[in-house]
Amino acid sequence: MKKEREHLFFESFGSHNNPPIILIHGLFGSWENLKFIAKNLEDTFHVICPDCRNHGRSFHDPCMTYDEMASDIEHLVSHLNLNQPIIIGHSMGGKIAMQLNLREHLRINKLIVIDIAPRKYPQHHLGILNALKTLNLNNIKNKTQAAEALATDIPSVELRQFLIKNIERTNETYMWKINLDAIFDQYHIICDFPVHKKQLHTPSLFIRGTRSNYIEKNDEHVIQELFSDAIFCDIDASHWVHAENPKKTLSTIQNFLNIPE
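Right, dumping it as structure tokens:
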């Protein structure tokens, strides 16, 4: 008997009578990463913020292909009876959003992708993954201690603070909320992107961080080969565009969606 697909955990904002928007977070993240955008769109939209599989409070699964992760979103859309949602995704979430559109199982109103292109990337998070896997949570008494233990391998304070949000206390010990083993095993797939030989005409906005190299000039052609109506907007930020420049990110999204600021 085929196992019934589990639902992603999600939080929602705004009236169910409003047009739907789905916000999809990136690797090591959770629904809370895009909460600022969600809260500022809730007066106009019904905003759905899921935790992707192997993240936050969603189910764990050894597979992390973009086809499966897009299917998770399709299943959520069906479960919530959403009609022609707008999809917004950052980084890995942006790839899920693109794959969701390219599968054409679901009609999408508009697509917004934050700082990622539909291509293969180097596995530059392997050092982070190795550091997380070698962190002995049995010896950790609080999150501050966990952050300090990661300092040698992960010098960035901001990145460490982001990563330790994935640790939670259970009884007397700490554990990972993310499925670290699955993410590690599937990381080469997360860095890649499926091949598509079609072109869609979904209204699409690609937001780039000016201090990020995730969407380079050469990527514009790759993107427009798949999304003919794609437009680009640069925002002063690194890869974490929505966290570093939230007001500009929000106003850019509002302009694209024709919402008065």
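The letter at position 3 of the sequence shown is residue 9 when you use the numbering used here, and the numbering goes up by one with no holes. Built from N, CA and C at the ideal position, the CB exists for glycine as well.
Suppose the cutoff is 7 Å on Cβ atoms and the five residues either side in sequence are ignored; what does the same chain contact list for residue i look like?
{"i": "N60", "result": "H66, D67, M70, I184, N185, A188 and I189"}
{"i": "F15", "result": "P56, D57, G62, R63 and S64"}
{"i": "L232", "result": "L108, P124, H202, Q205 and L206"}
Once DSSP output is grouped into helix, strand and coil, what is the label at residue i?
{"i": "P68", "result": "coil"}
{"i": "S77", "result": "helix"}
{"i": "A236", "result": "strand"}
{"i": "R20", "result": "The identity of residue 20 in the sequence shown is Gly, whereas the question assumes Arg. If DSSP states are grouped into helix, strand and coil, G20 belongs with coil."}
{"i": "L108", "result": "helix"}
{"i": "W246", "result": "coil"}
{"i": "T150", "result": "helix"}
{"i": "I160", "result": "coil"}
Since residue i is in the alpha helix (DSSP H), which residue starts that stretch and which ends it?
{"i": "L117", "result": "Not the alpha helix (DSSP H): L117 falls in the beta strand (DSSP E), residues L117 to I120."}
{"i": "L186", "result": "L186 to D191"}
{"i": "I134", "result": "L132 to T140"}
{"i": "F262", "result": "P252 to F262"}
{"i": "L165", "result": "V163 to L169"}
Tell me where the beta strand (DSSP E) around residue i begins and ends.
{"i": "F212", "result": "S210 to G215"}
{"i": "T176", "result": "I173 to T176"}
{"i": "I54", "result": "H52 to P56"}
{"i": "P26", "result": "P26 to I30"}
{"i": "I94", "result": "I92 to H96"}
{"i": "T179", "result": "T179 to W182"}
To which residues of the same chain is residue i closer than 8 Å at the C-beta, ignoring the five residues directly before and after it?
{"i": "L156", "result": "A137, L138, L141, R166, L169 and I170"}
Quick check on the burial criterion: 16 or more other C-beta atoms within 10 angstroms. Buried or exposed for residue i?
{"i": "D49", "result": "exposed"}
{"i": "M7", "result": "Note that M7 scores 44 on pLDDT, short of 50, meaning its location in the model is unreliable and no value can be drawn from it."}
{"i": "F242", "result": "Before going further, note that residue 242 is Asp rather than Phe in the sequence given. Result: exposed."}
{"i": "T255", "result": "buried"}
{"i": "H96", "result": "buried"}
{"i": "G6", "result": "Residue numbering for the chain in the displayed model covers 7 to 267; residue 6 lies beyond these limits and cannot be assessed."}
For residue i, I'd like the list of residues in its chain whose CB is within less than 6 Å of its CB, leaving aside the five on either flank, ordered along the chain.
{"i": "S18", "result": "I54"}
{"i": "T3", "result": "Here the chain has residues from 7 to 267 only, and residue 3 is not among them."}
Subject >> Given 8 Å, three or more beta-carbon pairs between the segment 101-116 and the segment 38-56 >> reply: Touching, no, given that fewer than three Cβ pairs across the two stretches are closer than 8 Å.
Original post:
Are the segment 73-91 and the segment 215-231 touching by the rule of at least three beta carbon pairs closer than 8 Å?
Top reply: No, they do not touch.
Subject >> Three or more C-beta pairs below 8 Å linking the segment 86-102 and the segment 143-156 >> reply: Fewer than three beta-carbon pairs drawn from the segment 86-102 and the segment 143-156 are found closer than 8 Å, and the two stretches are therefore not classed as touching.
Original post:
Between the segment 111-127 and the segment 192-206, do three or more beta carbon pairs fall short of 8 Å?
Top reply: Between the segment 111-127 and the segment 192-206 there are three or more C-beta pairs closer than 8 Å, enough to call the two in contact.
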